[in-house]
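Q:
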Amino acid sequence: MTQPVLIPVLGDQLSHRLASLVGSDPAGSVVLMMEVRREAAHVKHHKSKIALIFSAMRHFAAELREAGWTVDYVALDHPDNTGSFAGELARAVDRHKPHALRLTEPSEWRVREDVAAWSAALGLPVEVLEDDRFLCTHGEFAHWAENRREWRMEYFYREMRRKTGLLMDGDHPEGGRWNFDAENRSGPSPGLRGPALPRFAPDATTTAVLALVEREFADHFGLLSAFNWSVTASEAEAAAEAFLSERLPIFGQWQDAMVAGEDFMFHAVLSPAINLGLLDPLDLCRRAEAEYRKGNAPLTAVEGFIRQIIGWREYIRGVYWQTMPGLATANALDARRPLPDFFWTGATDMACIADCVRTTRDNAYAHHIQRLMVLGNFALLAGLDPGQVADWFLVVYADAFDWVELPNVAGMALFADGGRLASKPYAASGAYINRMSNYCAGCRYDVKKKTGPDACPFNALYWHFLGRNAPTLAANRRLANPYATWRRIDADKRGAYIASADAFLDTLVPASPGWARGGD
Ligand code: FAD
Ligand code: DLZ
Ligand code: SF4
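Under this note's numbering, the first residue of the sequence shown is numbered 59, with each subsequent residue one higher.
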């Protein structure tokens with residue numbers, strides 16, 4: 059091959075329709091894929107997440123070779139592996155003497171910054187293509203956001219419905235409404251269980267990767283014993299098919315419900331495959347719509363699912379690129395408390411938190427309401443440091459990449475962006491968790507008690523949160539009712555709430571920073 063084009067394909071770019079592949083000729087290109095320690099350990103990612111990414115990368119490399127591409131694959135334990143993208147690129151340039159680099163833009167700000175230095179460092183032209191696996195381009199989001207005082211997902215979502223034609227009836231939304239969320243909020247009925255997920259037995263590639271990860275990342279959070287992620291597009295396809303036929307019809311109704319020990323409920327559990335590129339999000343939405351058109355799934359469920367993907371997922375990504383790098387350090391509520399150690403150990407008497415940390419440790423997964431209304435809500439009410447909370451969320455979930463994790467944590471869960479993303483903080487007392495789950499029945503705390511050592515900690519913390527943030531939040535119109543109630547509570551009772559919450563907060567033991575960073 060005369061001087062080829064070198065095409066780095068990153069760990070979340072595992073799509074055959076990737077812009078940098080589609081626009082290139084296999085005969086004149088070398089694809090470079092790199093397992094590097096810095097990506098696995100700049101924060102100490104959950105073992106299952108590293109195993110998923112490495113196994114999916116290895117399978118994708120094999121598929122590319124079968125399709126006629128030349129792939130240079132650097133495994134983590136290659137003796138000359140330098141441990142970073144920059145180091146591996148320099149070595150690959152020596153090996154292949156390319157005339158240029160072509161890549162699809164990285165999804166994360168941090169890596170995008172690295173890429174900006176590659177051309178000068180390597181002395182080669184670097185062509186960066188937009189990632190067209192997202193529906194909304196950077197330019198379109200910027201145009202939508204410009205001159206809007208508030209960026210509300212709902213209005214953005216309507217634009218995406220019009221753009222894709224999903225669930226449209228001419229110019230109107232199917233069923234006469236854009237959003238059926240109000241019908242999607244049932245608490246769990248007794249004995250509610252979701253169907254079992256399809257199982258993917260590890261093949262030789264995954265088995266080798268699991269051993270590598272156990273050996274090389276022994277001190278990282280999480281278990282590998284329940285590893286069941288789809289690592290190829292065809293496995294992801296089987297997982298999607300099972301979701302569309304078995305769980306989608308009831309996805310909406312139980313979307314917000316939580317049941318102890320039921321880790322997946324009726325959720326798609328497809329976010330890792332979507333974020334890595336093994337599934338195409340628009341195709342998935344079209345297939346969900348087809349289930350509705352065939353009469354297999356109700357509009358309420360299908361609209362809810364499609365909204366998560368073309369609404370929330372695209373909106374979150376737009377917000378990320380519009381607000382970085384400031385979003386990474388945003389702290390509008392001046393929250394400074396260190397992350398408690400039970401986020402890593404699960405050792406807490408709060409049954410809701412303990413179960414959410416357990417599923418996170420076992421599966422590198424928790425569903426949306428566990429993330430938002432248990433873990434995120436606790437972090438918000440307790441005033442945990444947004445940087446430490448964001449590190450935790452980035453480490454622990456198989457689907458966590460900075461572009462999607464950070465806006466969800468800093469914006470949606472913690473209100474650290476001052477309300478750019480959410481019109482009010484998602485703050486809730488124990489009553490909400492009790493309504494939406496069966497956790498409280500098995501908890502040593504009493505969800506009905508408001509103060510004292512046996513009271514559900516969320517109750518006093520809720521008022522502590524509103525009280526201490528009154529200077530920033532009391533003017534928020536959507537908080538008018540809670541603040542009116544707060545003002546009506548007599549001074550003694552208010553003092554009791556504050557004292558009870560303070561006594562609880564004093565018991566929190568800060569986590570060792572070594573869980574999230576350092577050591578590798
Ligand atoms: P379902 O509930 O079945 O939803 C279907 C799909 O919709 C998901 O697969 C996902 O692609 C998309 N989706 C739904 N909600 C969101 C959202 N808020 N943002 C982006 N996509 C969404 N999602 C991630 O992909 N990575 C993260 O790191 C991440 N961190 C989060 C942190 C917090 C604090 C919160 C509140 C949410 C976070 N989410 C994140 C969003 C959401 O919780 C997950 O996408 C979802 O739980 C994935 O599971 P699922 O595939 O079963 O999703
Ligand atoms: C998350 C991750 C991990 C654990 N390991 C790798 C890796 O070894 N090689 C790679 O190309 N990507 C990895 N990733 C994903 C990157 O950290 C990052 O999220 C993407 O490059 C997107 O910017
Ligand atoms: Fe969680 Fe409070 Fe219910 Fe216990 S009582 S499970 S701490 S909400």
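We put the beta carbon where it would ideally sit given N, CA and C, even for glycine.
Could you tell me which residues DSSP pairs with Asp130 in its beta bridges?
A: Stepping through the sequence shown from its first residue, residue 130 is reached at position 72. Paired residue(s): Leu90.
Q: With distances taken from CA atoms, which of Pro515, Ala393, Glu347 and Lys107 is nearest Thr222?
A: The residue given as residue 222 occupies position 164 in the sequence shown. Ranking Pro515, Ala393, Glu347 and Lys107 by Cα distance to Thr222 puts Glu347 first.
Q: Could you pull out every residue in the same chain whose Cβ sits closer than 6 Å to the Cβ of Asp578, ignoring the five residues on either side in sequence?
A: For the purposes of this step, residue 578 is taken as residue 520 along the sequence shown, with counting starting at 1. Interpretation of Asp578 is limited by its pLDDT of 47, a score under 50 that renders its predicted location unreliable; no figure is taken from the coordinates.
Q: Using a threshold of 8 Å, state whether the C-beta atoms of Gly362 and Asp239 are closer than that.
A: For this step, residue 362 is matched to residue 304 along the sequence shown. For this step, residue 239 is matched to residue 181 along the sequence shown. Result yes, Cβ atoms of Gly362 and Asp239 sit closer than 8 Å.
Q: State the DSSP-derived secondary structure class of His230, mapped to helix, strand or coil.
A: The residue labelled residue 230 in the question sits at position 172 within the sequence shown. Strand.
Q: Quick one: Cα of Pro444 to Cα of Val467, how far?
A: Along the sequence shown, one-based indexing puts residue 444 at 386. Along the sequence shown, one-based indexing puts residue 467 at 409. The alpha-carbon atoms of Pro444 and Val467 are separated by roughly 8 Å.
Q: Check whether the Cβ of Asn492 sits closer than 7 Å to any heavy atom of the ligand GDP, and report yes or no.
A: In the structure on display, the ligand GDP does not appear, and the ligands it does have are the ligand FAD, the ligand DLZ and the ligand SF4.
Q: Please state if the CB of Val505 and the CB of Leu472 are separated by a distance shorter than 8 Å.
A: As a position in the sequence shown, residue 472 is number 414, starting the count at 1. As a position in the sequence shown, residue 505 is number 447, starting the count at 1. Cβ atoms of Leu472 and Val505: not closer than 8 Å.
Q: Could you check which residue in His278, His522 and Leu433 has the C-alpha nearest to that of Arg14?
A: An answer regarding residue 14 cannot be provided, because it is not within the stretch 59 to 578 covered by the chain.
Q: Compute the Euclidean distance between the alpha carbons of Ala418 and Ser244, then round it to the nearest angstrom.
A: The residue given as residue 418 occupies position 360 in the sequence shown. The residue given as residue 244 occupies position 186 in the sequence shown. Inspection of the sequence shows that residue 418 is occupied by Thr rather than by Ala. Looking at the backbone, the Cα of Thr418 and that of Ser244 are separated by about 23 Å.
Q: Can you name the start and end residues of the beta strand (DSSP E) that Thr387 belongs to?
A: As a working mapping, residue 387 is identified with position 329 in the sequence shown. Run containing Thr387: none; DSSP gives neither H nor E here.
Q: Please classify Asp578: does DSSP put it in a helix, a strand, or coil?
A: Start at 1 with the first residue of the sequence shown, and residue 578 comes out as number 520. In this prediction, Asp578 scores a pLDDT of 47, lower than 50, which makes its location untrustworthy; no coordinate-derived value is stated.
Q: Any Cβ of chain C within less than 8 Å of the Cβ of His201?
A: Structure shown: chain C not included; a single protein chain is present.
Q: In chain order, what are the residue ranges of uninterrupted alpha helix (DSSP H) at least 4 long that sit wholly in the stretch 323-371?
A: 329-334, 339-351 and 357-364
Q: Would you mind reading off the limits of the beta strand (DSSP E) that contains Val432?
A: Sequence index remark: in the sequence shown, residue 432 carries index 374 (1-based). For Val432, no beta strand (DSSP E) segment is defined, and its DSSP state is neither H nor E.
Q: Identify, in the order they occur along the chain, each residue of the same chain with its Cβ nearer than 7 Å to the Cβ of His117, setting aside the five sequence neighbours on each side.
A: On the sequence shown, position 59 is the one that residue 117 refers to. Once the five neighbours on either side are set aside, the close Cβ partners of His117 are Thr263, Val289 and Thr290.
Q: Tell me whether Ala485 sits in a helix, a strand or coil according to DSSP, three-state version.
A: The residue you call residue 485 lines up with position 427 of the sequence shown. DSSP places Ala485 in coil when its eight states are reduced to three.
Q: Please list the terminal residues of the continuous alpha helix (DSSP H) segment that includes Arg526.
A: In the sequence shown, counting from the first residue as 1, residue 526 sits at position 468. Its alpha helix (DSSP H) spans residues Pro515 to Arg526.
Q: Using the C-alpha atoms, what's the distance from Cys194 back to Gly525?
A: Within the sequence shown, residue 525 is the residue found at index 467, counting from 1. Within the sequence shown, residue 194 is the residue found at index 136, counting from 1. Each residue's alpha carbon lies about 39 Å from the other.
Q: Sort out for me which residues DSSP pairs Met316 with in a bridge.
A: In the sequence shown, residue 316 corresponds to position 258, counting from 1. According to DSSP, which records beta bridges pairwise, Met316 is partnered with Ser495.
Q: If you measure from the CB of Pro330, is any heavy atom of the ligand SF4 nearer than 7 Å?
A: In the sequence shown, residue 330 corresponds to position 272, counting from 1. No, the ligand SF4 has no heavy atom inside 7 Å of this Cβ.
Q: Going by C-alpha to C-alpha distance, which of Ala179, Val453 and Ala437 sits closest to Leu566?
A: As a working note, residue 566 is residue 508 in the sequence shown. Closest by alpha carbon: Ala437.
Q: Measure how close the beta-carbons of Glu349 and Val360 come, nearest whole angstrom, since I'm counting them as under 8 Å.
A: The residue you call residue 349 lines up with position 291 of the sequence shown. The residue you call residue 360 lines up with position 302 of the sequence shown. With 8 Å as the limit, Glu349 and Val360 qualify as a contact, their Cβ atoms being about 6 Å apart.
Q: Classify Glu272: buried if its beta carbon has 16 or more other beta carbons within 10 angstroms, exposed otherwise.
A: Numbered from its first residue, the sequence shown carries residue 272 at position 214. Exposed: under 16 other Cβ atoms inside 10 Å.
Q: Closer than 7 Å to a non-hydrogen atom of the ligand DLZ - does that hold for the CB of Ala98?
A: For this step, residue 98 is matched to residue 40 along the sequence shown. Yes, since a heavy atom of the ligand DLZ falls inside the 7 Å radius drawn around the Cβ of Ala98.
Q: Return the residue from the list Val89, His103, Arg219 and Arg149 that minimises the CA-CA distance to Glu124.
A: To locate residue 124, count along the sequence shown from 1; it is residue 66. When each option's Cα is compared against that of Glu124, the closest is Val89.
Q: Kindly indicate which three-state DSSP category Leu438 falls into: helix, strand or coil?
A: Taking the first residue of the sequence shown as position 1, residue 438 is located at position 380. Note: Leu438 maps to helix in three-state DSSP.
Q: Give a single yes or no on whether Val80 has its beta carbon closer than 7 Å to a heavy atom of the ligand DLZ.
A: Translated into the one-based positions of the sequence shown, residue 80 becomes position 22. No, since every heavy atom of the ligand DLZ falls outside the 7 Å radius drawn around the Cβ of Val80.
Q: Given 8 Å as the limit, is there contact between the stretch 179-188 and the stretch 201-217, that is, 3 or more CB pairs closer than that?
A: no
Q: Which value, in whole angstroms, describes the spacing of the CA atoms of Gly319 and Phe401?
A: If you number the sequence shown from 1, residue 319 lands on position 261. If you number the sequence shown from 1, residue 401 lands on position 343. Approximately 17 Å, taken between the alpha carbons.
Q: Going by alpha carbons, who is nearest to Pro246 out of Leu340, Cys498 and Ala133?
A: Position 188 of the sequence shown, counted from the first residue, corresponds to residue 246. It is Cys498 whose Cα lies nearest to the Cα of Pro246.
Q: Work out the CA separation of Ile367 and Val462 for me, nearest whole Å.
A: Position 404 of the sequence shown holds residue 462. Position 309 of the sequence shown holds residue 367. If I take the Cα positions, the gap works out to 12 Å.
Q: Using a 10 Å radius around the Cβ and a threshold of 16 neighbouring Cβ atoms, would you call Ser165 buried or exposed?
A: Residue numbering aside, residue 165 sits at position 107 when the sequence shown is read from its first letter. Burial is judged here by how many other beta carbons sit within 10 angstroms of a residue's own beta carbon; Ser165 has at least 16 and is buried.
Q: Using the Cα positions of Trp450 and Gly576, report the straight-line distance between them to the nearest angstrom.
A: Taking the sequence shown and counting its residues from 1, the one referred to as residue 450 is at position 392. Taking the sequence shown and counting its residues from 1, the one referred to as residue 576 is at position 518. Rounded to whole angstroms, the gap between the alpha carbons of Trp450 and Gly576 is 13 Å.
Q: Run through DSSP, which three-state label would Glu188 get?
A: As a position in the sequence shown, residue 188 is number 130, starting the count at 1. Glu188 falls in the coil class under three-state DSSP.
Q: Where does the unbroken beta strand (DSSP E) through Val289 begin, and where does it stop?
A: Within the sequence shown, the letter at position 231 stands for residue 289. Premise fails: Val289 is in no beta strand (DSSP E) and is neither H nor E.
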